[in-house]
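Note that the sequence shown covers residues 0 to 546 in numbering that gives the first Met the number 0.
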Amino acid sequence: MNLNTENPSTLKAWKKLQAHFEATHQTTLQELFAADSTRAEKFNIQWNDFLVDFSKNKITKETLDLLLDLANEVDLKSAIAAYFGGALINKTENRAVLHTALRAEDNAVIMADGKNVMPEVIAVKNKIKQFTHEVVSGIRKGYSGLPFTDVVNIGIGGSDLGPDMAVEALQFYKNHLTTHFVSNVDGDHVNEVIKKLNPETTLFVIVSKTFTTQETLTNAITIKDWFLKSAQPEDIAKHFVAVSTNIEKVTAYGIDPENIFPMWDWVGGRFSLWSAVGLSISLAVGFEHYNNLLKGAQEMDEHFKSAAFDQNIPVILALLSIWYNNFYGAESEALIPYTQYLKKLAPYLQQATMESNGKSVGRDGKPVDYQTGTIIWGEPGTNSQHAFFQLIHQGTKLIPTDFIGFVHSLYGNKDHHDKLMSNFFAQTEALLNGKTENQVLAEFKKQELSAKKAAFLLPFKVFTGNKPTNTILIQKLSPKTLGALIAMYEHKIFVQGIIWNIFSYDQWGVELGKQLANSILEEIESGVVKNHDSSTELLLNYFIKNS
Ligand code: F6P
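In structure tokens, the structure reads:
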């Protein structure tokens with residue numbers, strides 16, 4: 000099935016949303032809450048361990064109905080069926096988008112290119128399970144007969160961000176192995192990691208879907224050279240494994256075919272942690288926890304496929320984001336997890352969101368005349384409260400923000416957790432209500448401030464509030480809830496791409512920089528600079544002369 004190619008801004012629902020925006024955008028969140036004491040009951044979804052409260056948004060029932068009309072007008076239901084059913088929705092690369100198959104139940108039948116992919120998916124999962132068991136238990140040993148103590152994931156982009164984020168997020172569930180990540184082609188990065196390692200007890204996982212990525216191959220070669228200073232070439236088979244679709248290139252690098260974990264071209268890099276790209280997650284927390292991560296995602300997939308759109312978490316989050324992005328003109332969204340474990344969630348979702356929906360050509364091949372991909376950023380609370388929250392509260396920009404919090408902490412320190420969560424609730428309330436002139440004046444009165452000082456300070460101390468937030472409150476951070484949370488954002492990205500009429504699963508924009516870097520490298524190596532603009536030429540000549 001082909002996805003539709005209609006410019007969304009020409010659709011009936013979009014036009015109605017535009018008129019609705021003109022008529023209602025002056026209404027504040029405070030007014031919406033004052034007008035309806037049951038508002039929160041109407042705008043929340045409870046699903047499994049999740050409570051998603053989206054009542055603190057600039058919407059009414061009519062807004063939501065119009066947004067849902069938009070989802071129906073683009074035929075989101077059929078698009079979801081095409082996505083899960085293995086249709087070639089990544090049309091510019093002629094590929095299906097089936098990361099959901101990697102977490103599907105074993106008895107599912109999922110077809111890509113006329114073939115059920117599940118037997119291969121299950122076989123690779125079993126290979127991950129067996130390998131994890133052997134490494135974690137110490138059955139599999141390094142060249143000197145010692146069990147492994149460290150695992151190094153060598154990859155970049157989707158071959159790094161997902162495993163790195165998940166290993167960090169699941170630290171509480173971690174075993175004795177220490178996991179490291181080498182991604183940047185910056186040689187200082189790899190050297191900082193190497194200096195902590197003992198070659199005898201370190202396992203290297205080279206992750207590259209294409210096995211052509213400059214950064215990963217350069218790091219892999221540097222690491223292999225370092226390893227061979229202590230070990231023999233035949234020891235490589237014990238210490239190096241690879242995850243890739245490019246079996247030929249992996250073998251040429253010297254990896255034992257037994258140590259190759261295959262993946263498929265229908266898995267996009269930024270959605271690949273569910274494949275063998277997640278091997279270092281499985282090694283870090285054990286296969287059972289890794290499998291629960293997949294299970295959580297699978298449950299979110301079921302919810303996304305089957306829930307009515309008005310009760311569908313990814314659909315609602317996507318529609319709200321479109322409401323702000325396309326009608327209010329918001330440019331970015333913040334993402335604030337109230338747990339230090341999720342400190343890498345924002346960078347992970349930056350790739351997932353911005354590489355997917357950072358597009359300006361519609362599926363009809365024409366430039367779009369409306370805004371697409373949102374900018375994602377964030378840091379954990381409460382740290383971020385002491386960093387950039389000032390701008391969210393009192394700056395000039397509208398920044399819709401997702402607050403992600405957990406009912407239970409993992410170590411159960413109630414004092415800390417209650418303090419953390421009181422900040423979590425206080426922030427969304429403050430962003431909603433702000434602080435009125437009268438409230439500020441009452442405070443001044445208590446402080447017995449002089450009239451002159453009070454008059455001067457008043458405008459600075461008033462908060463307008465009226466800042467939209469979603470609150471995503473989850474029982475506990477576990478492999479399963481993490482899996483569901485990631486899948487929730489993946490499907491949000493999908494819905495937005497469908498509505499924006501863009502291809503979310505290619506990334507041609509990343510290619511130009513890669514091509515240019517390769518030709519500039521030749522010039523740096525030869526010292527001959529040619530055919531550049533005068534700025535690039537000046538910079539290159541300076542670098543060559545001084546390096
Ligand atoms: O950043 C571009 C990109 O192609 C990503 O989509 C991908 O995750 C990353 O590079 C790494 O690619 P590979 O896994 O092929 O090394």
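Cβ atoms here follow ideal geometry from the backbone N, Cα and C, with glycine treated the same way.
Quick check: the Cα distance between residue i and residue j, rounded to an integer number of angstroms?
i, j, result
"residue 327", "residue 352", "20 Å"
"residue 83", "residue 262", "18 Å"
"residue 44", "residue 310", "6 Å"
"residue 56", "residue 408", "27 Å"
"residue 2", "residue 104", "26 Å"
"residue 315", "residue 417", "29 Å"
"residue 249", "residue 236", "12 Å"
"residue 130", "residue 167", "21 Å"
"residue 452", "residue 30", "31 Å"
"residue 93", "residue 87", "6 Å"
"residue 256", "residue 275", "15 Å"
"residue 80", "residue 304", "8 Å"
"residue 11", "residue 484", "32 Å"
"residue 100", "residue 121", "10 Å"
"residue 512", "residue 446", "58 Å"
"residue 126", "residue 258", "10 Å"
"residue 525", "residue 543", "10 Å"
"residue 186", "residue 539", "20 Å"
"residue 26", "residue 6", "29 Å"
"residue 387", "residue 380", "11 Å"
"residue 189", "residue 229", "17 Å"
"residue 135", "residue 123", "18 Å"
"residue 208", "residue 375", "25 Å"
"residue 358", "residue 98", "21 Å"
"residue 503", "residue 354", "8 Å"
"residue 399", "residue 491", "15 Å"
"residue 24", "residue 71", "23 Å"
Quick check on this structure: which residue in the options has the alpha carbon closest to the alpha carbon of residue i?
i, options, result
"residue 37", "59, 16, 20, 462", "59"
"residue 411", "368, 474, 167, 11", "474"
"residue 404", "48, 283, 193", "48"
"residue 494", "171, 34, 67", "67"
"residue 471", "522, 357, 401, 443", "401"
"residue 356", "394, 206, 386, 321", "321"
"residue 363", "180, 440, 91", "91"
"residue 243", "10, 372, 272", "272"
"residue 462", "434, 476, 449", "434"
"residue 46", "150, 307, 229", "307"
"residue 547", "406, 393, 360", "One cannot answer for residue 547 here, as it falls past the ends of the chain, which runs 0 to 546."
"residue 373", "206, 331, 0", "331"
"residue 406", "421, 398, 519", "421"
"residue 371", "395, 329, 383", "329"
"residue 252", "338, 492, 508, 204", "204"
"residue 507", "9, 89, 53", "89"
"residue 128", "269, 15, 286, 443", "286"
"residue 111", "117, 339, 85, 193", "85"
"residue 234", "198, 531, 65", "198"
"residue 264", "392, 393, 116", "116"
"residue 106", "96, 113, 119, 282", "119"
"residue 324", "455, 4, 16", "16"
"residue 551", "194, 22, 336, 41", "Within the shown structure, residues of the chain are numbered from 0 to 546, placing residue 551 beyond reach of any answer."
Strictly by DSSP, which residues pair up with residue i?
i, result
"residue 360", "366"
"residue 149", "177, 201"
"residue 378", "Bridge partners of residue 378: none, in fact."
"residue 110", "115"
"residue 26", "Looking at the DSSP assignment, residue 26 forms no beta bridge with any residue, so it has no partner."
"residue 401", "334, 469"
"residue 52", "43, 470"
"residue 140", "146"
"residue 241", "205, 259"
"residue 89", "94"
"residue 407", "475"
Please report the Cβ distance between residue i and residue j, rounded to the nearest whole angstrom; I am assuming they are in contact, meaning their Cβ atoms lie under 8 Å.
i, j, result
"residue 218", "residue 184", "7 Å"
"residue 419", "residue 468", "In fact, because the Cβ distance is near 17 Å, the residues do not count as touching under 8 Å."
"residue 342", "residue 378", "7 Å"
"residue 73", "residue 498", "5 Å"
"residue 157", "residue 267", "7 Å"
"residue 334", "residue 317", "With a Cβ gap of about 14 Å, residue 334 and residue 317 do not count as contacting."
"residue 478", "residue 291", "4 Å"
"residue 580", "residue 176", "With the chain represented from 0 up to 546, any question about residue 580 goes unanswered, as that position is not in the structure."
"residue 284", "residue 172", "5 Å"
"residue 278", "residue 200", "The pair is not a contact, with the Cβ atoms about 18 Å apart (cut-off 8 Å)."
"residue 102", "residue 293", "4 Å"
Report task. Identify every run of the beta strand (DSSP E) within the region 434-475, keeping only runs that are complete inside it and at least 3 residues long; order them along the chain. Result -> 468-475
Query raised in the report: Hey, which unbroken runs of the alpha helix (DSSP H) at 4 residues or more fall wholly within the region 465-527?
Result: 478-499, 508-525
Report task. Scan the region 261-342 and note each continuous alpha helix (DSSP H) run of 4 residues or more that stays entirely inside, going in chain order. Result -> 278-284, 286-305, 312-321
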